[in-house]
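Written out below as structure tokens is the structure these notes cover.
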Amino acid sequence: MKPEYRDCFLPFLHPGERLVIACDYWPNTALPSVPAELRTPQGPPAQSKLEERVRGVLGNALGKVARPLEAVTGSRLVNNPLTRAAGRVGDRIERTTDALDHAADRAVEKAIWGTVMDGGWQSMAGRFLVNLTNAGGDPRRQALTDRRLILLVDHGTGRRDAAPQWAVGSAVPRPNIARIDPHPKALAARGRFDVTFVDGSWIALGSAVRAHMEAFVAAAHRGG
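Residue numbers (the numbering used here): 1 to 224.
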């Protein structure tokens, strides 16, 4: 087990809980989107102290430039109905483009992998995905302990030099899991496995490295 996978889980283990295996998590874009009514509103990501200082300096500099311009133009341009309408149209176009890109990715993944989840939103699989979505951040790590299946999300800024900010995205007790099965298909060395819960619902998880998936499934079958 690589330290980069193992160490991020250690702060989240319960007293006496033992880590069995940990690896990368590959987000399957074919998974359904959680309905809006089940989503928790996400606030803007917290800024680091360095980001706050940089933004403060830039804000002061831009303010000095903007004040003379504002004195000349006033608020006529900002308050112009055509300007506001154009801004709203631009926002809608951007949101629509993002939605279409996500839908295209999901369609491709579904064509390759087939069904990736079964069960309603109140099922164990559904609640697992709802919790993962509402956790925010990017799901990047998964682990099996002697008690739970855990997915971690990274709330970091995404910069290469930024340290990950780990949090539990979703977790389920192992007694709630009926079985974990490998998926026969492989794509560009990626590996998928299906987690079936005791209520009959299931969800597809996976790793960017097929060997990681196989080791994860093997550890689940060994128990412990």
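C-beta: ideal position from N, C-alpha, C; glycine also.
request  = Using beta-carbon positions only, say whether Ala-208 and Asp-24 come within less than 8 Å of one another.
outcome  = Locating residue 208 in the sequence shown gives position 208, where the first residue counts as 1. Locating residue 24 in the sequence shown gives position 24, where the first residue counts as 1. Cβ atoms of Ala-208 and Asp-24: closer than 8 Å.
task = Could you check the C-alpha separation between Leu-13 and Phe-216 for me, to the nearest Å?
result = Indexing the sequence shown from 1 puts residue 13 at position 13. Indexing the sequence shown from 1 puts residue 216 at position 216. Rounded to the nearest angstrom, the two C-alpha atoms are 18 Å apart.
inquiry  = Cutting at 7 Å between CB atoms, please list the residues of its own chain near Gly-136, excluding the five before and the five after it.
reply    = Residue mapping note: residue 136 aligns to position 136 of the sequence shown, counting from 1. Same-chain partners within the cutoff: Gln-42, Val-153, His-155.
task = Taking only the alpha-carbon atoms, compute the straight-line gap between Val-172 and Gly-206 and give it to the nearest angstrom.
result = Here the question's residue 172 lines up with position 172 in the sequence shown. Here the question's residue 206 lines up with position 206 in the sequence shown. Approximately 16 Å, taken between the alpha carbons.
ask   = Does DSSP put Gly-126 in a helix, a strand or coil?
value = Along the sequence shown, read from residue 1 onward, the residue named residue 126 stands at position 126. Reduced to three states, the DSSP call for Gly-126 is helix.
inquiry  = Assuming Phe-193 is part of the alpha helix (DSSP H), what are its boundary residues?
reply    = For the purposes of this step, residue 193 is taken as the residue at position 193 of the sequence shown. Here Phe-193 belongs to no alpha helix (DSSP H); instead the beta strand (DSSP E) covers 190-197.
request  = Please classify Leu-69: is it buried, with 16 or more other beta-carbons within 10 angstroms of its beta-carbon, or exposed?
outcome  = In the sequence shown, residue 69 corresponds to position 69, counting from 1. Residue placement at Leu-69 is poorly supported in this model, since its pLDDT is 45, which falls under 50; the coordinates still yield a value, given next. The residue is exposed, with fewer than 16 neighbouring Cβ atoms inside 10 Å.
inquiry  = According to DSSP, simplified to helix, strand and coil, what is Asp-146?
reply    = Locating residue 146 in the sequence shown gives position 146, where the first residue counts as 1. It is coil, neither helix nor strand.
key: Cβ neighbours of Ala-219 in the same chain (closer than 8 Å, five flanking residues each side left out)   = For the purposes of this step, residue 219 is taken as residue 219 along the sequence shown, with counting starting at 1. Within the same chain, Ala-219 has close Cβ partners Val-20, Ile-21, Leu-144.
query = In this structure, does DSSP put Val-153 in helix, strand or coil?
reply = To locate residue 153, count along the sequence shown from 1; it is residue 153. Strand.
message = Checking 8 Å against the spacing of the C-beta atoms, do Asp-146 and Arg-39 come in under that value?
response = In the sequence shown, residue 146 corresponds to position 146, counting from 1. In the sequence shown, residue 39 corresponds to position 39, counting from 1. Against a cut-off of 8 Å, the Cβ pair of Arg-39 and Asp-146 comes out as no contact.
request  = Could you check which residue in Arg-148, Glu-214, Val-198 has the C-alpha nearest to that of Gly-169?
outcome  = On the sequence shown, position 169 is the one that residue 169 refers to. Gly-169 has its Cα closest to that of Arg-148, out of Arg-148, Glu-214, Val-198.
request  = State the DSSP-derived secondary structure class of His-183, mapped to helix, strand or coil.
outcome  = In the sequence shown, the residue the question calls residue 183 occupies position 183. Of the three classes helix, strand and coil, the one that applies to His-183 here is strand, per DSSP.
inquiry  = Distance check for Trp-26 and Phe-197, CA to CA, integer angstroms please.
reply    = Within the sequence shown, residue 197 is the residue found at index 197, counting from 1. Within the sequence shown, residue 26 is the residue found at index 26, counting from 1. For Phe-197 and Trp-26, the distance between alpha carbons rounds to 20 Å.
request  = Decide if Asp-7 is buried, meaning its Cβ has at least 16 other Cβ atoms within 10 Å, or exposed.
outcome  = The residue you call residue 7 lines up with position 7 of the sequence shown. Counting Cβ neighbours within 10 Å, Asp-7 comes out exposed, since fewer than 16 surround it.
ask   = Per DSSP, Trp-121 forms a beta bridge with which residues?
value = For the purposes of this step, residue 121 is taken as the residue at position 121 of the sequence shown. Trp-121 is not bridged to any residue.
request  = Can you tell me which of the three DSSP states Val-209 falls into?
outcome  = Indexing the sequence shown from 1 puts residue 209 at position 209. Coil, per DSSP.
key: Reduced DSSP category for Val-34 - H, G, I as helix; E, B as strand; rest coil   = Numbered from its first residue, the sequence shown carries residue 34 at position 34. Three-state result, Val-34: coil.
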